[in-house]
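*Asks:* Below you'll find the structure I mean.
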Amino acid sequence: MRLILMTGKGGVGKTSMAAATGLRCAELGYKTLVLSTDPAHSLADSFDLELGHEPKEVRPNLWGAELDALQELEHNWGMVKRYITEVLQARGLDGVQAEELAILPGMDEIFGLVRVFRHHQEGNYDVLIIDSAPTGTALRLLSVPDVAGWYMRRLYKPLEKVAMYLRPLVEPIFRPLAGFSLPDKQMMDLPYEFYEKIDALGKILTDHTVTSVRLVTNPEKMVIKESLRAHAYLGLYDISVDLVISNRIIPDEVQDPYFQYWKENQKIYRQEIIDNFSPLPVKEVPLYSREICGLAALEKLKELLYGDEDPSKVYYSVNAFEIRQTRDGFELELRIPGIPKDQVQLSKSADELNIRIGNHRRNIVLPQVLAALRTNGADMVDDRIIVRFVEEGDGPKK
């Protein structure tokens with residue numbers, strides 16, 4: 069299965085691009101599902117059809133669906149939700165409050181990942197196109213496998229072992245006092261089984277032959293800045309961006325003086341998009357004279373966007389991480405485009421390399437060959453950070 073994620077700042081037109089991409093893939097004979105994981109769904113409006121949680125056929129080879137996080141929660145997390153509700157009710161909260169608080173913040177994003185993983189495992193479609201939430205939420209979504217892995221390794225598994233050991237000893241006293249039971253092994257295993265699905269999807273997301281992100285942007289300063297940050301953060305998680313779509317270009321035939329300022333600005337920003345995202349390919353889409361709504365309008369957009377191309381192909385791919393052996397040890401090269409050196413913080417703790425850029429952080433579990441070494445400084449060359457690793461006692465410590 070080919071997995072394509074459309075994201076961008078809110079309002080740039082990513083839903084229309086996802087729908088048009090789906091139309092073209094279906095036209096080429098691929099069984100295609102366009103799935104909206106944005107809490108503020110607009111995919112049904114784009115197709116001008118009613119859509120629900122389960123895939124609905126839009127036309128031959130094309131299906132659409134809008135994720136219902138509550139349904140996914142009940143399907144995947146029902147047992148845990150009921151246990152948390154029981155605990156909260158025992159602490160004095162009424163039924164409605166306990167039900168609401170049992171849904172932990174960010175769970176809708178996690179269930180979006182689980183739904184994607186399920187579709188991938190079932191293999192009912194050739195192409196899965198995700199109309200994702202705006203950039204900030206999408207980045208949180210895509211970072212979940214890595215972040216969840218850290219918590220599971222460092223906190224959950226040790227806690228589970230202690231809890232299972234103490235439960236038979238403490239339960240006879242705990243239940244009468246607290247009003248609820250300690251979680252049993254089945255309850256404790258469920259979150260880890262849930263994490264294993266997310267972890268498996270993480271491997272799919274970082275497989276550049278399977279998964280690509282397509283950034284939708286507009287030729288405007290703030291939108292370009294956010295898109296560049298998104299590109300860098302996606303590189304941090306080794307998720308490939310293979311195409312940039314520059315949307316809402318004012319056509320040359322628009323000669324009204326009212327739009328002159330915008331046209332002049334767009335000339336500058338259009339070139340800026342090409343220069344800043346190079347060597348990524350950039351597709352430009354003109355500003356339509358009317359809203360893109362319904363299959364007829366999406367057909368025109370599909371032609372402008374792809375023509376005779378196959379949108380399921382990988383337009384561009386580069387590895388974000390590379391390990392090289394040197395005369396003194398090893399070098400780890402990370403490609404993080406568009407981020408100044410002073411915004412990058414690096415540190416090593418045991419077998420993990422900690423990277424922080426702004427409010428995004430990743431803990432990379434190092435391969436054994438690097439985990440046993442110590443860091444010996446880092447350099448930034450163009451858009452690449454090069455971290456040096458040497459044996460203990462070799463070279464000056466930095």
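Residues 69 to 466 in our numbering are what the sequence shown spells out, letter by letter.
Ideal Cβ positions, reconstructed from N, Cα and C, are used throughout, including at glycine.
Which of helix, strand or coil does DSSP assign to aspartate 450?
*Replies:* Aspartate 450: coil per DSSP, three-state reduction.
*Asks:* Is the distance from the Cβ of lysine 271 to the Cβ of phenylalanine 185 below 8 Å?
*Replies:* Cβ atoms of lysine 271 and phenylalanine 185: not closer than 8 Å.
*Asks:* Apart from the five residues on each side of it in sequence, which residues of its chain come closer than 7 Å, Cβ to Cβ, to lysine 466?
*Replies:* Here lysine 466 scores only 46 on pLDDT, less than 50, and its place in the model should not be relied on; the value that follows carries that caveat. Result list for lysine 466: Asn444, Gly445, in chain order.
*Asks:* Pull up the CB-CB distance for serine 314 and valine 350, whole angstroms please, since I reckon it's below 8 Å.
*Replies:* Rounded, the Cβ-Cβ distance is 6 Å, consistent with contact.
*Asks:* Pull up the distance between the alpha-carbon of leucine 196 and that of lysine 335, whole angstroms please.
*Replies:* Rounded to whole angstroms, leucine 196 to lysine 335 spans 34 Å at the Cα level.
*Asks:* Distance, Cα to Cα, isoleucine 432 vs isoleucine 423?
*Replies:* Whole-angstrom Cα-Cα distance: 8 Å.
*Asks:* Tell me whether arginine 395 sits in a helix, a strand or coil according to DSSP, three-state version.
*Replies:* Correct three-state label for arginine 395: coil.
*Asks:* What does DSSP give as the partner residues of tryptophan 131 in its beta bridges?
*Replies:* According to DSSP, which records beta bridges pairwise, tryptophan 131 is partnered with Leu101, Glu125.
*Asks:* Which class does serine 308 belong to by DSSP, given the choice of helix, strand or coil?
*Replies:* Note: serine 308 maps to coil in three-state DSSP.
*Asks:* Give the range of the alpha helix (DSSP H) segment to which glutamate 359 is assigned.
*Replies:* Glutamate 359 -> no alpha helix (DSSP H), and no H or E assigned at all.
*Asks:* In chain order, what are the residue ranges of uninterrupted beta strand (DSSP E) at least 3 long that sit wholly in the region 172 to 202?
*Replies:* Within the region 172 to 202, the complete beta strand (DSSP E) runs of at least 3 residues are 195 to 199.
*Asks:* Which residues in the same chain as methionine 85 place their Cβ atom closer than 6 Å to its Cβ, once the five residues preceding and following it in sequence are excluded?
*Replies:* Correct list, in chain order: Met74, Val284, Ile313.
*Asks:* Should lysine 99 and aspartate 194 be called a contact, given that it needs their Cβ atoms to be closer than 8 Å?
*Replies:* Going by C-beta atoms, lysine 99 is nearer than 8 Å to aspartate 194.
*Asks:* Quick check on DSSP: helix, strand or coil for histidine 143?
*Replies:* Note: histidine 143 maps to helix in three-state DSSP.
*Asks:* Name the one or two DSSP bridge partners that valine 458 has.
*Replies:* DSSP output for valine 458 lists Gly397, Arg442 as bridge partner(s).
*Asks:* Determine the closest residue to leucine 296 out of Ser211, Arg429, Ile307, Pro405, with distance taken between C-alpha atoms.
*Replies:* Closest option to leucine 296, Cα to Cα, is Pro405.
*Asks:* Counting C-beta neighbours from all protein chains within 10 Å, is the total for aspartate 310 16 or more, i.e. buried, or is it exposed?
*Replies:* When all chains shown are included, aspartate 310 counts as buried.
*Asks:* So for leucine 71, helix, strand or coil by DSSP?
*Replies:* The answer is strand: DSSP assigns leucine 71 an E or B state.
*Asks:* How many Å lie between valine 102 and asparagine 427 at the Cα?
*Replies:* C-alpha separation (whole angstroms): 30 Å.
*Asks:* Contact defined as beta carbons within less than 8 Å: I believe isoleucine 454 pairs with glutamate 399. What is the distance between those atoms, to the nearest angstrom?
*Replies:* So it is a contact: roughly 5 Å between Cβ atoms.
*Asks:* State the Cα-Cα distance for the pair lysine 416 and arginine 392, rounded to the nearest angstrom.
*Replies:* Each residue's Cα considered, the two are about 18 Å apart.
*Asks:* Just to confirm the assignment, what range does the alpha helix (DSSP H) spanning asparagine 286 have?
*Replies:* That residue, asparagine 286, is in no alpha helix (DSSP H); it is neither H nor E in DSSP.
*Asks:* What does a CB cutoff of less than 8 Å around methionine 69 pick up in its chain, not counting 5 residues either side in sequence?
*Replies:* Closer than 8 Å at the Cβ level, and outside the excluded window around methionine 69, lie His187, His188, Gly191, Tyr193, Asp194, Val195, Leu196, Val278.
*Asks:* On a Cα-Cα basis, can you pick out the residue from Asp450, Ala418, Leu111, Asp378 that is closest to glutamine 436?
*Replies:* Per the Cα distances, Ala418.
*Asks:* How far does the alpha helix (DSSP H) with glutamine 323 in it reach, from first residue to last?
*Replies:* Glutamine 323 -> no alpha helix (DSSP H), and no H or E assigned at all.
*Asks:* What whole-angstrom Cβ distance do leucine 369 and alanine 88 have, given they're in contact under 8 Å?
*Replies:* Confirmed, about 4 Å.
*Asks:* Go through its chain and collect everything with a Cβ distance to arginine 316's Cβ below 6 Å, but skip five positions before and after it.
*Replies:* Only Asn286, Leu355 meet the Cβ criterion.
*Asks:* Looking at the unbroken beta strand (DSSP E) that takes in lysine 416, where does it start and where does it end?
*Replies:* Start and end: 412 to 417.
*Asks:* For glutamate 95, report the span of its alpha helix (DSSP H) as first-last.
*Replies:* Start and end: 82 to 95.
*Asks:* For valine 291, which residues in the same chain have their Cβ closer than 7 Å to its Cβ, ignoring the five residues on either side in sequence?
*Replies:* Only Lys77, Val80, Thr285 meet the Cβ criterion.
*Asks:* CA-CA distance, alanine 201 and glutamate 321?
*Replies:* Approximately 33 Å between the Cα atoms of the pair.
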